[in-house]
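Okay, structure first, notes after.
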Amino acid sequence: MQDFEPKIVAFVCNWCTYAGADLTGTSRTKYAANVKIIRFPCTGRIDFMILMKAFENGADGIIVSGCHPNDCHYSTGNFHARRRWIVFRNLMNFTGIDTERILFSWVSAAEGFKWADVVNNTVAKIREMGPYENYNKIAVSTLLKEEVSNHE
Amino acid sequence: MSASHDQHHPMTLSGELRMDTGVIINKCYQCGKCSAGCPLSSEMDYPPSLVMRMLQTDDPKNYDKLLKSMTIWLCVSCEMCLTRCPMEIDIPRLMDNLRQKSVRAKKTNPQAKKIIAFHKSFLDSINYTGRLYEMGMVVDYKMRTGAMTQDVMIAPKMFVKGKLNPIPEIIKGRKKIAEIFNRVQNNKEVKL
Amino acid sequence: MKIGFYPGCSMKGGAREYQESVVALAKVFDIELVEIPDWNCCGATAAHNLNKELSLSLPARIMALAEKEGITDIVVPCAACYNRLSVTKHELAEDASLCSKVTGIIDLKYSGKTNILNIIQFIDKYITDKLEEKVVKPFNYNTACYYGCLLVRPHAILNFDRVEDPQSMDVLVKKSGGNAIDWAFKTECCGAGMSVSRTDTVARLSGDILKDASDRKAEVMVVACPMCHSNLDMRRPEINKYLDEKISMPVLYISQVLGLAVGLDAKTLGLNRHMTEVILPDKPVKNAEPAEVSKKVANPEKMEA
Amino acid sequence: MSRIGVFVCHCGENISATVNCEKVAQISKELKGVEFSTDYKYMCSDPGQTMLKEAIKEHKLDGVVVAACSPRMHEPTFRKACSEAGLNPYLCEMSNIREHCSWVHPKDDLTTEKAEDLVRVMVEKVKKNKALNSIKVPVTKTALVIGGGVAGIQAALDIANCGHKVVMVEKQPSIGGHMSQLSETFPTLDCSQCILTPRMVEIAQHPNITLYTYAEVEKVDGFIGNFKITVRKKSKSLDEHLCTGCGLCTTKCPQKKIPNEFERGLGFRPAIYVPFPQAVPNKPVIDRENCTYYIKGKCKVCEIVCPTKAIRFDQEDELVEIEAGAIVLATGFDVLKSDFFPEYGYGKYKDVIDGLQFERLASASGPTMGEIRRPSDGQIPKKIVFVACAGSRDPAKGIEYCSKICCMYTAKHAMLYKHKVHDGTPYVFYMDIRAGGKMYEEFVRRAIVEDETQYIRGRVSTIYEKNGKLIVKGADTLMGAEPVEIEADMVVLATAGVANHGAEALAQTVHVSYDAYKFFAEAHPKLKPVETNTAGIFLAGACQAPKDIPESVAAASGAAVKVAALFSNDELTREPLIAVVNRQAPPVFSSCVGCFLCQSVCPYQAIEREEIKNRNGEVIKTLAKVNEGLCQGCGTCVALCRTKAIDIHGYSNQQVYTEVMALLND
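So the protein lines, in turn, are chains A, B, C and D.
For the first sequence, the working numbering begins at 0 and goes up steadily by one.
For the second sequence, the working numbering begins at 21 and goes up steadily by one.
For the third sequence, the working numbering begins at 9 and goes up steadily by one.
For the fourth sequence, the working numbering begins at 77 and goes up steadily by one.
This is how it looks when you write it as structure tokens:
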């Protein structure tokens, strides 16, 4: 397990967390290279099916991060994201998906250091949890695969 | 990766106090509201806000002055400072800690002898009987301080009023209390 | 339901009359107080000055003993004991490792589920509703309610009454037919545990308190703490010397005030035990018209219209 | 088969110091669909851009990935370059290998591998990109200014003087704001009314300005260039055209004991009233909550005495629709209620007042005609204590920030007091003196040196009344924190400036963000101080943070210029990264089932209902349709759509799923 380098995907909004991660760079604060960012206009845009897609493709952990409550560039997108997360977390727990591997956080455009902390803490946590091999054993994944192949 | 976080820093005084008490010294911005409201500050050698400043300097000399000060023994834990502090700094908790450190370092102010003697007599009384035996405690205190004649005038009146109990109340669990005293003393804290 | 009673050391000695009056008052309202068996001292100021763990262990043992008896409410009339018990309960609830350490030291089961009630909370919970109908001898004196430190601070933990200009005792005095005056030293410190070791300091602090009350025409001072009482009452010779005037205002416990109002006699309430003689001349009952001083509190919002 | 070009930038050494840029370019070349790949020292430089343009033409590229800095930095640059080379700009994407890679990781293989991953993701994404055309919208050249204090007045006048129409909406019966309450202003001590009143009059008379007082903004729809605003004009119970402002009604009104808001409760006013003598408009309103007629059903004295019969008891609120291209928020601030400080006794002791009340006492038109007299008994205070930071810099009971203006106005108060009460002594309890500003420090020094104000460095612990005096207990931290006790006749608390209590609701109405203290948030703290994150909405004055008069005016003029710049175009172009509901013709088909969940979550009301009709003109179904002008492209609707009928350009389902798969499978 020593050599395990977790693959982590970060889904972030353009206005707060993406800008915050830019600030982390501008401040030259170092963090683990395991996390790769995918930019969304808003956390409200993030469909939770895409988290499933990430797990299915071998992600070991996921970060979802956007503007702090009340700071959303689009005023309410992050509230929808939060609401959806609460519902989906229950659903995912029910289906056996390890929601401990998903970190939901708020990082503003001014919180460069916080972003580095979020990344480092998540990497450390996922490293401890080990690779997410279980996902593809879960029945739901087969269903997803079917759905996706139909979709394409 | 995050090298800067791992670097070993020598512990500052404020860091040490933060670890021991949770109080963050550097929050204090010297507004002086504590000193203004403290009932004892006029008698203290260092009023509370000055104590905070001295700790902030991280200077061992200032720390030493505080351990030897009267201030820490004059503080009656009335909590007025905490109540009005804009930064909600728990000065009373800090004072408790400094008192304990002062005793441990054997630096207590000679003028505080009476106050410390009172506390010790008080605790001794609990240790022996489980409760405070007022008369016994006062006698013990007088033995410690030599203040034999203090308050002798009111004692007879108190007797008459039924306020002084000549016989100590000793609780059944006296041994349990003694055990408690033993255990906390073994836990590296102040030797009482 | 059994209501637990923790008298604390001073109520067995110097503040005997406080216990007598609390028990007598409870009896009037058919409340039985069950003393926690084999209770120990809470450690008071001395313990937390010198040893943190000791200062938590002693109160924890008291609460653990109460739990063993199945007691859910403990009445703690002494403000100092009330403060120590509440703070201990809070600290142990906040810090699980500290809690397990302390339960190890006291060697008893401790859940931290008991309610700690000070004298006013006790009265409010069990007596206040029925108080006014039982008042037979209105306590119609100008009364200065002195709360001191330990009843209201630290507010974050005790969460009792307003931390500045508290009102709960004033309300009880008014319900007993008294006139609670507005004054400035309600929560100033009396000198607390330094009565013996620094008598001069206590004389100064307690003197300033008594002086303000007496300047504002208070006839009686009411307290809820044996320590405050002993400083304000027993230290009167030193206080008068410091003030260079003779203040003869008696200092009563809140339970004594309520006791007098519901018709208990002075002896039962232990008024004879006070060092400063309690002289309360009979006064004709006025219409409940508040004195001029207290009018000012009436409407703090007035300016904000 | 795509023909994609990959351009890897070294950014001097900013990227190449930790990322092997040559290798990234080489590896990218191997990717399916990549036609051309190179690396260069500065892609954003002129030669870099030229190289990009030439490569597009030479290799007939149909997609471009620039691996360089953050797209938030240079995406517009490279998209413009692509467009100049004939490639649709929305076929260009950027991989952020600087802020998200080279600057945050050490030099090693992992870092270069991450850069390769990031490039691969964008290559795959760009394959799914569509050519898009930017959206053009017309601009309504009318500005709405909300708030008629000094900031709103300045902004309105500046915009109007540029030749544009302005509508000003003010909540109170008169414009003027807090500045009209002030006595004199620091650091020049000129009379506040004297400099403000002419401007207030100018607002009323300006041909380009329409003024609605006693009115509030109720609803804001639309977007930059095309806002639709609903304003509620509260009933003044008055026909303003008939009223001449003679004031007879106000003198005859039998109800005279209503605390006067303008005088901060230090005086009284009748139920029909003009807030202050210089009010604009100088016509009364009836305060229905306190009017005898509205309470008891009879009185009507004002109606009887009115010479022009202008009183209208049955007048109702009126809703006015306004079309505007830009909005300036100038709603100002409030002062913190002082009764959160029970230890200072505000509200309990009459002679403990706040700074604005002192302004009224010192004002020549105030309740004491400018004489400093204490409220309790009208005596002239001989010892007066000013408490700075009453609520400011106090996370426990007040607010965490510094209110900025109090140091200066407290010095001014001490000075005014000393000028009026020569034998009096002013004391100021302070912690720090923050007097940064032109002639500010000099002003404070003057208060100390010339007017002999006693500055005591320390906070006041408590204030109580004794024998008609206020005992102020403080400490002098410059004297070893020695306790200080002052027997004062009056105490003035320099209470904190806080966000207007209606700020949060207004922010939600106009869709702008606000900070933790409910002040409106600027788009960038340094470079966009008067813009909000909502295009077309600007900030002026203290609604953004505590500001003094010069700063408020400067910000207002700044906001006005932004509005004028916006109005210099007849049309606006907008990024086409918006949502779209799929359609297939004929007959019109869509996977939309018409659940309109999207409509309920859209923050911009951009989802419309489209009725699809058959040849006979019968409605066969109702589908969602996106209003291009309103959609801001947040994509919340996309995540919610059950049938995936709605999608968003630039972040389409296809694009983001492709990105995830490309990222995780190399």
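Quick reminder that beta carbons are idealized off the backbone N, C-alpha and C, glycines included.
*Could one say the Cβ of GLU140 (chain C) lies closer than 9 Å to chain E's Cβ atoms, at least one of them?*
In the displayed structure, chain E is absent; the protein chains listed are A, B, C and D.
State the DSSP-derived secondary structure class of THR218 (chain D), mapped to helix, strand or coil. strand
Stretch pair the stretch 220-234 of chain D + the stretch 247-255 of chain D: three plus CB contacts closer than 8 Å
yes
- Task: Can you grab the Cα-Cα spacing for the pair GLU98 (chain D) / VAL677 (chain D), in whole Å?
- Result: 46 Å
| task | Keeping to the same chain, check which residues put their C-beta closer than 7 Å to that of VAL213 (chain D); ignore five residues upstream and five downstream. | result | GLY301, ASN302, GLU647, LEU648, ARG650 and GLY705
*Bounding residues of the alpha helix (DSSP H) (the contiguous stretch that carries GLN584 (chain D))*: 579-586
As a quick exercise: from C:TYR250, C:GLY278, C:ALA23 and C:TYR14, pick the residue whose alpha carbon is nearest that of HIS237 (chain C).
C:ALA23
- Please go through the stretch 105-166 of chain D and give each complete alpha helix (DSSP H) segment of 4 or more residues, from N-terminal end onward. 122-134 and 147-160
Compare the C-beta of GLU189 (chain B) against all C-beta atoms of chain C and say whether one is closer than 9 Å. yes
- Grab the span of the alpha helix (DSSP H) containing PHE138 (chain B) for me, first residue to last. 133-149
Pull up the distance between the alpha-carbon of ASN150 (chain C) and that of ALA104 (chain C), whole angstroms please.
-> 48 Å
* To do: With DSSP as the reference, label GLY711 (chain D) as helix, strand or coil.
  => coil
Quiz item: Taking only beta-carbon atoms, is ARG126 (chain A) less than 9 Å away from chain D?
Solution: no
What are the complete beta strand (DSSP E) segments, minimum 3 residues, inside the stretch 510-574 of chain D? 530-533, 536-542, 545-552, 558-564 and 566-571
Q.
Using the Cβ count rule (16 or more neighbours within 10 Å means buried), how would you classify HIS54 (chain D)?
A. Past the edges of chain D, shown from 77 to 742, lies residue 54 (chain D), and the structure says nothing about it.
Sheet register partners of GLN660 (chain D) (DSSP bridge):
D:PHE665
* Since LEU263 (chain D) is in the alpha helix (DSSP H), which residue starts that stretch and which ends it? -> The residue you asked about is not Leu; residue 263 (chain D) is Pro in the sequence shown. Premise fails: PRO263 (chain D) is in no alpha helix (DSSP H) and is neither H nor E.
**Prompt:** Would you say SER146 (chain D) reaches chain A, if we count a Cβ-Cβ gap shorter than 9 Å as a contact?
**Reply:** yes
- Task: Find out if the Cβ-Cβ distance for the pair LEU58 (chain C), ARG119 (chain B) is shorter than 9 Å.
- Result: yes
For this session: Return the bridge partner residues of PRO335 (chain D) from the DSSP annotation.
Result: D:PHE344
Worksheet item: Using CA coordinates, which residue listed in D:VAL195, D:LYS720 and D:ASN209 is at the minimum distance from TYR166 (chain D)?
Response: D:ASN209
**Prompt:** Would you say VAL188 (chain A) and SER64 (chain A) are within 9 Å of each other, going by their C-beta atoms?
**Reply:** Since the first residue of chain A shown is 0 and the last is 151, residue 188 (chain A) is not available in this structure.
request  = Please decide whether PRO559 (chain D) counts as near chain B, where near means a Cβ-Cβ distance under 9 Å.
outcome  = yes
> How far does the beta strand (DSSP E) with SER69 (chain B) in it reach, from first residue to last?
Replying inline: Not the beta strand (DSSP E): SER69 (chain B) falls in the alpha helix (DSSP H), residues 68-76.
Here's the rule I'm using: 16 or more other beta-carbon atoms within 10 Å means buried, otherwise exposed. How should CYS270 (chain D) be labelled?
exposed
* To do: Spell out the partners DSSP gives LYS701 (chain D) in its beta bridges.
  => D:GLU684
TODO: Below 6 Å CB to CB, which residues in the same chain sit around ALA402 (chain D) once its five sequence neighbours on both sides are set aside?
DONE: ALA219, GLY612, VAL639 and LEU642
Run down chain B in chain order and give the residues with a C-beta less than 7 Å from the C-beta of VAL171 (chain C).
-> THR103
Strictly by DSSP, which residues pair up with MET773 (chain D)? Not covered by the structure: residue 773 (chain D). The range shown for chain D is 77 to 742.
Would you give the residue range spanned by the beta strand (DSSP E) that ILE475 (chain D) belongs to?
Element bounds for ILE475 (chain D): n/a, residue is neither H nor E.
For GLN129 (chain C), tell me which candidate among C:SER184, C:ILE165, C:ILE82 and C:CYS157 has the shortest Cα-Cα distance. C:ILE82
* Cα separation between ASP160 (chain B) and TYR134 (chain C)? -> 41 Å
* **Reduced DSSP secondary structure (H/G/I, E/B, other) of PHE672 (chain D)** => coil
Legend entry - CB of ILE279 (chain D) within 9 Å of CB of GLU397 (chain D), strictly: no
For PHE47 (chain A), would you say it is in contact with chain D, using Cβ-to-Cβ distances shorter than 9 Å as the test? yes
What number of angstroms, rounded off, separates the C-alpha of GLN264 (chain C) from the C-alpha of ASN280 (chain C)? 11 Å
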